[in-house]
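Q: This structure is in structure tokens; I'll ask about it shortly.
Protein chains in written order, with our numbering: chain A, 4 to 160; chain B, 4 to 160; chain C, 4 to 160; chain D, 4 to 160.
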């Protein structure tokens, strides 16, 4: 099973702690982890996966490995900017978003657009329409790293 | 000036009316309009642009012109699924989102991630973080087609 | 009908003359022309199309309109580097390659990989396998702008 | 070091034997191997890498893992058709092409267009211009799996 963990370069300390633990839990569960391969949440999840000898793939937006986390098992260089977010989402059997940025929101939206996989948010975005109604087909909200991984691993829905 | 108009295949009648008028207003202002090239909001904006003899380009997700609106001036076939949303956003000097879907939300998020261009929402998404705080760097909210076009044409900010 | 005209930034004077005439002929035939939107062959074909009031769309590799030919009717900004070559090829009902570069060869190869459309070479690449055999499913070789357009417009094969 | 091994689904028995051995040699040299992740040359190189417990990543063109080789360490699902060839090329410090197809030729051309990395052909394409001249900045021609790996590992040039 391949799980994507998304999150911003610029994140809170709590986001980093969460990402590291999510990475450890996914590696211990035998999952391959896909991420954006950069700093912040991306580097923290990579470090967590590596600490448990798991497999962690980074999908980079630019045209070189510059800025790639040193903890990645392999680096995919797309040279496609944020269109790489679609590649991350298509490569995943579940998506966990940690913290919030516009890039992370695009990954949540692309994952919901794709459909058929769990999309979990930990400490990040709530999605509302302009009329203030919560979206029906909601993103799953997790309160802890453990809960985010449990929701992700519950499988396709 | 090139303006992207985004919106879902499945939309309300009001969304279609809005999209048609936005298309007319943009064409009258001399803008080239970029859209996803399909049905719903996309077809309505294309019809509006064409009714004023404007230039309207559709950026399709699939591998053929199947499903493309007949009102398009030209059809770009990306064969890249929703990654084409990034192409729409990068090709625009301003983005107007009409109505709401996950695909449309991804376009809003990708446009805000890019930065430097007006992103206007007409009858669609409000973006909130999980803590209930409105996002500072907000999407511009328009109440009418005219207002959406005015906000878009006010230029790069 | 949409026809892609491919060719390098750095090209011969003869390539430019050929590209300009191909652009004129395609516009006169009522075709929309797709190209890479840059200098060299791309700028020459754009100028030719524009001289006959045709529609010419440029598909750019970088993240802005910098470097785009001023004769383009519309500029699609992909921010995807040479992966945009696949977009050019998928958007075309026929491909004419003028002159030779590695980028142009990739467009020929992607068009043949797609299949089902005429791929015409004017003054550019010959494709051979290592064993020296000419490839069976060959690129169509044209000796003049007129012949290249005739081969392209003969339609899908 | 990451090395891409490219080649067609439909290939000769000799191509498969070559690909398997190239995979083994690259894994033994400690390289991560990138490939298209499908059948034919792609499956053979994956099997070779796996037989030596190396890391092998498949970059798929379609929107699911359907058709992916079972020997892959991880599967990247691009949903971008042959535009994924650009991703393979950008992710590699060297490219080895085994056998010939239009898709493989596009990878060779995209790699030469990128420049700065060794591009090696084993039993596949020879590239000539229409005037019959061999291209100066030529693809490196290898006569054996060992030679192809040596040329690839000689590093960036």
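For glycine and all other residues, C-beta sits at the position ideal for the given N, C-alpha and C.
Computed from a prediction, not measured in an experiment: that's the story for all the values here.
For the candidate residues B:9, B:118, B:149, whose alpha-carbon lies nearest to that of residue 106 (chain A)?
A: B:118
Q: Check the DSSP bridge columns for residue 125 (chain A) and list the partner residues they point to.
A: A:101, A:145
Q: Would you verify that the beta carbon of residue 143 (chain A) is, or is not, closer than 8 Å to some beta carbon of chain B?
A: So no, residue 143 (chain A) is outside the interface.
Q: In whole angstroms, give me the CA-to-CA distance for residue 60 (chain D) and residue 78 (chain D).
A: 6 Å
Q: Identify whether residue 62 (chain A) lies in helix, strand or coil by the three-state DSSP scheme.
A: DSSP places residue 62 (chain A) in strand when its eight states are reduced to three.
Q: Let me check understanding here. Comparing Cα to Cα, which of A:32, A:51, A:33 lies closest to residue 19 (chain A)?
A: A:51
Q: Could you check what DSSP says for residue 114 (chain C) in three-state terms: helix, strand or coil?
A: helix
Q: Please state whether DSSP places residue 91 (chain D) in a helix, a strand or coil.
A: helix
Q: Which residues of the segment 65-77 of chain A have a Cβ closer than 8 Å to any Cβ of chain C? Give them in chain order.
A: Residues 66.
Q: Report the partner residues of residue 77 (chain D) according to the DSSP bridge assignment.
A: D:60
Q: Which stretch, first to last residue, makes up the beta strand (DSSP E) that contains residue 7 (chain D)?
A: 5-9
Q: In angstroms, rounded to a whole number, what distance separates the CA positions of residue 56 (chain A) and residue 30 (chain A)?
A: 7 Å
Q: Can you check whether the C-beta of residue 58 (chain B) is within less than 8 Å of a C-beta belonging to chain C?
A: Yes, because at least one Cβ of chain C sits closer than 8 Å to the Cβ of residue 58 (chain B).
Q: Residue 71 (chain D) to residue 40 (chain D), Cα distance in whole Å?
A: 5 Å
Q: Is there a C-beta anywhere in chain C that falls below 8 Å from the one on residue 55 (chain D)?
A: no
Q: Taking Cβ-Cβ distances shorter than 9 Å, what residues in chain B pair up with residue 89 (chain C)?
A: 81, 82, 83
Q: Can you list, in chain order, the residues of its chain with a C-beta nearer than 6 Å to that of residue 74 (chain D)? Leave out the 5 residues immediately preceding and following it.
A: Once the five neighbours on either side are set aside, the close Cβ partners of residue 74 (chain D) are 49, 50, 53.
Q: Assuming residue 91 (chain B) contacts residue 125 (chain B) (C-beta within less than 8 Å), just tell me the rounded distance between them.
A: So it is not a contact: roughly 16 Å between Cβ atoms.
Q: If you follow the beta strand (DSSP E) that residue 37 (chain C) is part of, which residue opens it and which one closes it?
A: Its beta strand (DSSP E) spans residues 35-38.
Q: Which of the three DSSP states, helix, strand or coil, is assigned to residue 53 (chain D)?
A: helix
Q: Within the 8 Å Cβ cut-off, does residue 161 (chain A) reach chain C?
A: Residue numbering for chain A in the displayed model covers 4 to 160; residue 161 (chain A) lies beyond these limits and cannot be assessed.
Q: What's the C-alpha gap between residue 38 (chain C) and residue 84 (chain A)?
A: Using only the alpha carbons, I get a separation of about 22 Å.
Q: First and last residue of the alpha helix (DSSP H) that includes residue 120 (chain B)?
A: Per DSSP, residue 120 (chain B) lies in no alpha helix (DSSP H) and is assigned neither H nor E.
Q: If you reduce the DSSP assignment to three classes, tell me which class residue 16 (chain A) lands in.
A: helix
Q: Pull up the distance between the alpha-carbon of residue 65 (chain A) and that of residue 82 (chain A), whole angstroms please.
A: 4 Å
Q: Starting from residue 5 (chain A), find everything on chain D with Cβ-Cβ shorter than 8 Å and list it in chain order.
A: 77, 78
Q: If you draw a straight line from the alpha carbon of residue 149 (chain B) to that of residue 25 (chain B), how long is it in whole angstroms?
A: Roughly 7 Å separates the two Cα atoms.
Q: Would you check if the distance between the CB atom of residue 156 (chain C) and the CB atom of residue 112 (chain D) is smaller than 8 Å?
A: no
Q: Would you mind sorting residue 21 (chain D) into buried or exposed? The rule is 16 or more other CB atoms within 10 Å of its CB.
A: buried
Q: Taking the CB atoms as reference points, tell me whether residue 62 (chain A) and residue 95 (chain A) lie closer together than 8 Å.
A: Their beta carbons are not under 8 Å apart, which means residue 62 (chain A) does not touch residue 95 (chain A) by this criterion.
Q: Using a cut-off of 7 Å between C-beta atoms, extract the partners of residue 15 (chain A) located in chain D.
A: Under the 7 Å cutoff, chain D gives no residues; its nearest Cβ is about 29 Å from residue 15 (chain A).
Q: Hey, would you say residue 122 (chain C) sits closer than 8 Å to residue 152 (chain C), going by beta carbons?
A: Cβ atoms of residue 122 (chain C) and residue 152 (chain C): not closer than 8 Å.
Q: Closer than 7 Å by C-beta to residue 102 (chain B): which residues in its own chain qualify, once you throw out the five before and the five after it? Chain order, please.
A: 10, 11, 14, 15, 18, 44, 126, 127
Q: In or out: residue 69 (chain B) buried (at least 16 other Cβ within 10 Å) or exposed?
A: exposed
Q: Let's test the definition: count the other Cβ atoms within 10 Å of the Cβ of residue 27 (chain C) and tell me whether it reaches 16, buried, or not, exposed.
A: buried
Q: So what's residue 72 (chain B) in DSSP terms, helix, strand or just coil?
A: coil
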